[in-house]
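So the sequence lines, in the order shown, correspond to chains A and B.
Just so it is clear: in the first sequence, position 125 is 125 by the working numbering, and no numbers are missing.
Just so it is clear: in the second sequence, position 261 is 261 by the working numbering, and no numbers are missing.
Heads up, the thing below is written out as structure tokens.
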Amino acid sequence: MTRKQRRGVLIGTALAVLGLAVGLVLFAMRDSIVFFYTPTEVAEKQLAPGTRFRLGGLVEGGTVVRSEGTNVRFVVTDRAKQLPVTYTGVLPDLFREGQGVVAEGVMEADGVFHADSVLAKHDEKYMPPEIAEKLKAQGVWRGSDAK
Amino acid sequence: MIAETGHYALILALGVAILQTVLPLWGTRTRDPELMAIAVPAAQMQFLLIALAFGALMTAYITSDFSLATVWQNSAAAKPLLYKISGVWGNHEGSMVLWVLILALFGAAVATFGSNLPPELRANVLAVQGSIGVAFLLFIVMTSNPFLRLDPAPLDGNGLNPVLQDPALAFHPPFLYTGYVGFSMAFSFAVAALIDGRIDAAWARWVRPWTLLAWMCLTIGIAMGSWWAYYELGWGGFWFWDPVENASFMPWLAGTALLHSALVMEKRDALKVWTLLLAIITFSLSLMGTFLVRSGVLTSVHAFAVDPARGAFILGIMGLFIGGALTLFTWRAPLLKQGGIFAPISREGALVLNNLLLTTACAAVFVGTLYPLLLESLTGEKISVGAPFFNLTFAPLIVPLIIVLPFGPMLAWKRGDALGAAQRLTAAAAVALIIAVAILAATKRGPWLAPFGIGLGVWLIIGALTEIATRVRVFEVGPAEVWRRLRNLPRSAFGTLLAHGGLGMCVIGIVATTAWREERILALKPGEAADIAGYHLTFDGVAPRQGPNYRERVGLFSVTRSGAAVASLEPSKREFTVERNSTTEAAIHVSWRGDLYVVVGDALKEGAYSVRIYFNPLVRLIWLGAVVMFMGGAVSLSDRRLRVGAPRRAGSRAMPAKAAA
């Protein structure tokens, strides 16, 4: 095998691996990326039922209702629009009314967001910045004076 | 007073670091041995001064001196001593001091133990190392002063975030940072070689132990973080493909590639340019990890606008070092002489493939981690790239690596015999396949690919054992001769065995727990019971309890298996009084089959509690595998050729690129 052929093998393998990687990344990008919306954006975008996304906002006070088993319903608000959420499972520590929450799941035709995971990010110090920012943008952010 | 001493020491260290950067570089330019030699005491002094500052900060934490802003924000008088100590690096300012402390420690180690290095190389290495120190000390002094005073001093502090009050997490950052920062050695050596304009096999021999040490610490650091997330976050998951995790995983992948390419360079004097580039990339990824975690950019690209000075400063440091090193690389690398040609099927060829797959996998993680940031800053659209993306891109790149991995050590340098290697590995492949098929037949659920995943892990372990067996000729000579051969094997051979076998254990653990994990989410009233994976759990109710700095509500569970009592588990929910924060403490029953993992949640209606029970089969193998990999690194580090150190370069400047064997 000449030096040229050796180099050919090396470059060929490298290109094959890179090609595979690029293909995988593009494929995965199309299928496994989840957008992040606030209730207002959900209302604006008129998402088709069955769309998967992350919903961020505050848990509206007085809306947390536990029904049979570990099922729980609550309303997520960005102080402009509300969106009802249903979730079956154990809520994270520091899931509280009036606190920031991020839920991932699917919007169903009944207008309810069926979450399969709920993340509550700690106290006011840890308000998810993406929410704080959107709330600020809408002029409804109460800041860390909520203590 | 102690705090002021610390602050002063930090500023002095900055001054010393500047000297350490400028004078030796000037010395190598002007061939002035005295100027070059200044690097040694400067590096040692820089370390002592930073150690003094670090000691002062730690004293402030231990004595709960709340007149310091960082102590007030991150500590409390009632906190246990261990967490007062770990509180030092549990926050931005303190963790940056730890960062420069480790950086200076590595610099001082080269200064102290590097007396067999050529003086120019040592001067350049220490100068580059010093310049990194300058950048980060400047960053601390200008934007993140840990010794900021409060007047009047508050009576008690805010405490440390309770989820961080944990033994595994107390030691996670020091290991992780030793890993991150340890790669700075490879970087400094690479840049020094580029400044010098020459590089040889001996260079690789000097760089390898530092890289190996950094890699070991990073391995353990990542494993500790994963272990902590597993039992502390209450979800029973071991890896979340969270950007913070990826930030530490990328340097690990690149560092693993670097270890292997440095091997080729050391033995065969080939892949020199690539190894240099990889050294630069690895430390660049470490810098990027520091930037991602420290700037707050991860939660939102606009978050670092909250504290623009810090984010912009680290971005500047990153730009300077990565850009500078890469510019130097494009300018000087063509000057380096290439050596050592090899056939595609050879040890070198296998290691090139290893590098190709590792760096590509690293690039895939890079894209997944940074794409959301890029998209948000360009379009304002927020997306999350989660586990599905990484599973889909990372796994297909790593599986081929695992399949070809056992072949690597079997192939000879320069020109290997693929057929011979395949013959010797037939037994390993057969065992792996039989185990996979047996599991496929025995399990009724889970993806059909999973048994083959287990097979891959077995293939790695037996393949690694086969390599040793072949080298000592187990099936050809008598036991006495085998023993003699075993004792004569270099320790690095056992290092390879442990590292590759440990990876196999990780693979088995990851596949088993991902594919066959069982989960129950229930609302249980006292007296009710649940069944999972052959265990019978009875919920006996809850009890309040008082800890040193928290109150907790403990769920009481008694566990039986086929009627026999196995364990009583007490998961709890803790309320931390000072921090006004709560955590979930999982209770875990460990057996050789796997972990029984119980979490108790909120009170529901009619006296019931939400309870989550998991059975995670073989999950311990993941961390055990990481520990074995760490031990592999340690054994390899004790190998004679590294312990004794690299021999002197043969010849003088006139005869470069020749190393004594």
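Yeah, the Cβ is synthetic: ideal placement off N, Cα and C, and Gly gets one too.
CB contact check: residue i to chain A, cutoff 8 Å
i: Lys414 (chain B); result: no
i: Ala363 (chain B); result: yes
i: Thr70 (chain B); result: no
i: Phe407 (chain B); result: no
i: Glu381 (chain B); result: yes
i: Asp602 (chain B); result: yes
i: Thr513 (chain B); result: no
i: Ser582 (chain B); result: yes
i: Ser384 (chain B); result: yes
i: Ser75 (chain B); result: no
i: Ser572 (chain B); result: no
i: Leu397 (chain B); result: yes
i: Ala37 (chain B); result: no
i: Thr360 (chain B); result: yes
i: Leu356 (chain B); result: yes
C-beta contact flag for residue i and residue j at 8 Å
i: Gly88 (chain A); j: Ser610 (chain B); result: Residue identity check: residue 88 (chain A) is Thr in the sequence provided, not Gly. Not in contact: Thr88 (chain A) and Ser610 (chain B) (Cβ atoms no closer than 8 Å).
i: Ser106 (chain B); j: Ser184 (chain B); result: The sequence given here has Phe at residue 106 (chain B), not Ser. Yes, they are a contact pair.
i: Ser492 (chain B); j: Leu411 (chain B); result: no
i: Val17 (chain A); j: Leu351 (chain B); result: no
i: Pro39 (chain A); j: Gln82 (chain A); result: yes
i: Leu49 (chain B); j: Ala13 (chain B); result: yes
i: Val385 (chain B); j: Leu336 (chain B); result: no
i: Ser636 (chain B); j: Gly504 (chain B); result: no
i: Ala361 (chain B); j: Pro447 (chain B); result: no
i: Leu176 (chain B); j: Thr256 (chain B); result: no
i: Leu392 (chain B); j: Phe27 (chain A); result: yes
i: Leu25 (chain B); j: Ala42 (chain B); result: no
i: Ile710 (chain B); j: Val181 (chain B); result: Since the first residue of chain B shown is 1 and the last is 661, residue 710 (chain B) is not available in this structure.
From the options, residue whose alpha carbon lies closest to that of residue i
i: Phe74 (chain A); options: A:Val102, A:Arg30, A:Arg52; result: A:Val102
i: Ser572 (chain B); options: B:Gly339, B:Trp215, B:Met96, B:Tyr231; result: B:Tyr231
i: Tyr597 (chain B); options: B:Leu351, B:Val619, B:Ala608, B:Leu68; result: B:Val619
i: Ser582 (chain B); options: B:Pro146, B:Thr59, B:Gly159; result: B:Gly159
i: Met250 (chain B); options: B:Ala214, B:Ala170, B:Phe366; result: B:Phe366
i: Ile38 (chain B); options: B:Thr112, B:Arg332, B:Val600, B:Arg424; result: B:Thr112
i: Leu277 (chain B); options: B:Leu155, B:Ser64, B:His536, B:Thr330; result: B:Thr330
i: Asn161 (chain B); options: B:Ser75, B:Leu138, B:Phe240, B:Met96; result: B:Ser75
i: Ala60 (chain B); options: B:Ala418, B:Val71, B:Leu425; result: B:Val71
i: Ala168 (chain B); options: B:Gly221, B:Leu126, B:Leu117, B:Phe139; result: B:Gly221
i: Pro243 (chain B); options: B:Leu259, B:Ala262, B:Ala202, B:Thr290; result: B:Thr290
i: Val125 (chain B); options: B:Leu137, B:Pro406, B:Ala109; result: B:Ala109
i: Arg186 (chain B); options: B:Ile281, B:Leu465, B:Val88, B:Thr577; result: Position check: residue 186 (chain B) holds Ala in this sequence, whereas Arg was assumed. Of B:Ile281, B:Leu465, B:Val88, B:Thr577, the residue nearest in Cα terms is B:Ile281.
i: His500 (chain B); options: B:Asn145, B:Arg29, B:Leu150, B:Leu456; result: B:Leu456
beta-carbon residue i near the ligand COA non-hydrogen atom, thresh 7 Å
i: Thr5 (chain B); result: Questions concerning the ligand COA fall outside what the structure shown contains, since it holds no ligand whatsoever.
Where the alpha helix (DSSP H) through residue i begins and ends
i: Glu266 (chain B); result: 243-268
i: Asn116 (chain B); result: That residue, Asn116 (chain B), is in no alpha helix (DSSP H); it is neither H nor E in DSSP.
i: Leu569 (chain B); result: No alpha helix (DSSP H) contains Leu569 (chain B), which is instead part of the beta strand (DSSP E) from 564-569.
i: Pro388 (chain B); result: 387-404
i: Met107 (chain A); result: Looking at the DSSP string, Met107 (chain A) is not in any alpha helix (DSSP H); the run it does join, the beta strand (DSSP E), is 100-107.
i: Phe175 (chain B); result: 167-196
i: Asp156 (chain B); result: Per DSSP, Asp156 (chain B) belongs to no alpha helix (DSSP H) and is neither H nor E.
Exposure label - residue i; buried when at least 16 CB within 10 Å
i: Leu81 (chain B); result: exposed
i: Arg545 (chain B); result: exposed
i: Arg487 (chain B); result: exposed
i: Ala659 (chain B); result: Note that Ala659 (chain B) has pLDDT 38, beneath the 50 cutoff, so the model's placement of it is unreliable and the number below is only indicative. Per the 10 Å Cβ criterion, buried.
i: Gln46 (chain A); result: exposed
i: Glu467 (chain B); result: buried
i: Glu93 (chain B); result: buried
i: Phe54 (chain B); result: buried
i: Pro154 (chain B); result: exposed
Chain B contact for residue i (CB, 8 Å cutoff)
i: Val149 (chain A); result: Outside the shown range of chain A (1 to 147) lies residue 149 (chain A), about which nothing can therefore be said.
i: Ile11 (chain A); result: no
i: Ala103 (chain A); result: no
i: Ala109 (chain A); result: no
i: Arg6 (chain A); result: yes
Run of the beta strand (DSSP E) containing residue i, from where it starts to where it stops
i: Ile74 (chain A); result: It should be pointed out that residue 74 (chain A) corresponds to Phe in this sequence rather than to Ile. Phe74 (chain A) -> beta strand (DSSP E) spans 71-77.
i: Val600 (chain B); result: 594-603
i: Asp639 (chain B); result: Unbroken run through Asp639 (chain B): none, as it is neither H nor E.
i: Gln546 (chain B); result: 535-546
i: Val590 (chain B); result: 587-591
i: Ser558 (chain B); result: 550-561
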